[in-house]
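According to our numbering, the stretch in the sequence shown is residues 8 to 347, in order.
Encoded as structure tokens, the structure appears first; notes follow it.
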Amino acid sequence: MSSNAKGKIRDEELQKEEHFLDKTLRPERFSDYIGQENIKDNLKILLSAAKERNHPPEHLLFYGPPGLGKTTLAHLIAKETGSDIKITSGPAILKVGDLASIITNLSPGDILFIDEIHRLNKNIEEVLYPAMESGTLNIILGKGPSARSIQLELPPFTLIAATTRIALISAPLRSRFSGGIFRLEFYTEAEIKKIIERSASILGIQAKAEASTEIAKRSRFTPRTANYLLKRCRDFVQVQKQPLEKSSVIEALQLLGIDEVGLAHSDRKILETLVEKFGGGPVGLNTLATALSEEEATVEEYNEPYLIQIGFLERTPRGRVVTERGYAHLGRKKPGQISF
């Protein structure tokens, strides 16, 4: 077997292991789900009321930055209601027939989870309205004068959707999520530390308290990032034959290019580009993305939310501006700032 083939097999094995670990770390009960307390309280009431009425829960929409637990909540709702969950995504549903095939194969009480629903084709969205509202699916067969419409009765089901860009979802579709529209917030450092400790226990990692704290500080207030950093630190100490303590965490994350507040190389590059090429801003998104040789969506959806959250970047009507705190993190003085 060639080295390329061996490498490909090894990569596939690593991907399978990562997927398995992600599923293993996913909470099995609401009591294991840390954070988002207001959403959990509302969901418990909604699910209990639906159970008493012997009716599937109403349709739900979760939105917020990636990695905060939207998919996990959908799985927890399925477990809580004892329902099967079918998973798809907006980009995967290319035509009306794809949606019809998915929905008509649902059993009564099933949950359909559509991730990134804002990327759903508008023609497909129109077909989804009656399915959500009245439990029917209208399909047109044929073309021209011979075309005819048939109406299929659907079993009662719950649609749970997730999106990172709720503004791109049309108002008619948003209004049909009668169960509620919930925004997931960034987690606190204390909540992230609890998540890391829980994940370390599941993975059999002996992590000292200060090590968990150090990972939490660099996790961008996001559980997915926290679990990713924990697994990479585990790999590092395993190879280096070291215990998982603060010093080894710092060493491992420095190797990954993650600094003391969780900024990666791409985040620092944005701040440095704004300071060095544009005098700290303001700069439009298109110009900034071009200067970085990066896609606008990556800058806007991945990097900016955290930089704004920690106060290193401001989004103004004229463009992006580096704040005084952003300059301080780079070890520079903001133009016009008086030093004493």
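Ideal Cβ positions, reconstructed from N, Cα and C, are used throughout, including at glycine.
Problem - DSSP state of GLN316 mapped onto helix, strand, coil - result: helix
Problem - Under the three-state DSSP convention, the category PHE120 falls into - result: strand
Exercise for the section: Following the continuous alpha helix (DSSP H) through LEU262, name the residue where it begins and the one where it ends. Expected result: 253-263
Problem - Beta-carbon proximity of LEU53 to PRO64, cut-off 7 Å - result: yes
Handout entry: Rounded straight-line distance, which links the Cα of GLU132 to that of PRO115
Key = 22 Å
Exercise for the section: Specify, as a first and last residue, the run of the beta strand (DSSP E) that LYS93 falls within. Expected result: 92-96
Exercise for the section: Determine the contact status of ILE118 and SER90, defining contact as a CB-CB distance below 7 Å. Expected result: yes
Practice task
Give a yes or no on whether the C-beta atoms belonging to LYS253 and GLU204 are separated by under 7 Å.
Solution key: no
Practice task
Could you tell me which residues DSSP puts in a beta bridge with ALA168?
Solution key: LEU68, ILE121
Exercise for the section: Compare the Cα-Cα distances from PRO98 to each of THR111, ILE121, ALA107 and report the closest residue. Expected result: ILE121
Exercise for the section: Have a look at the DSSP bridge pairing and note the partners of GLY211. Expected result: According to DSSP, which records beta bridges pairwise, GLY211 is partnered with nothing at all.
Practice task
Assign PRO163 to one of two classes, buried (16 or more other C-beta atoms within 10 Å of its C-beta) or exposed (fewer than that).
Solution key: exposed
Problem - Exposure label - ILE209; buried when at least 16 CB within 10 Å - result: exposed
Practice task
Below 8 Å on the Cβ atoms is my guess for GLY315 versus ARG322; work out the distance and round it to an integer in Å.
Solution key: With the sequence shown as reference, residue 315 is identified as Ile, and Gly is not the correct amino acid for it. Going by Cβ atoms, the distance from ILE315 to ARG322 rounds to 6 Å, so yes, they are a contact pair.
Handout entry: Span of the alpha helix (DSSP H), counted from its first residue to its last, around ILE52
Key = 44-59
Problem - Validate contact between the stretch 186-195 and the stretch 224-233 using beta carbons, cut 8 Å, 3 pairs - result: yes
Handout entry: CA nearest to the CA of LYS77, picked from GLY211, VAL256, THR170, ARG332
Key = THR170
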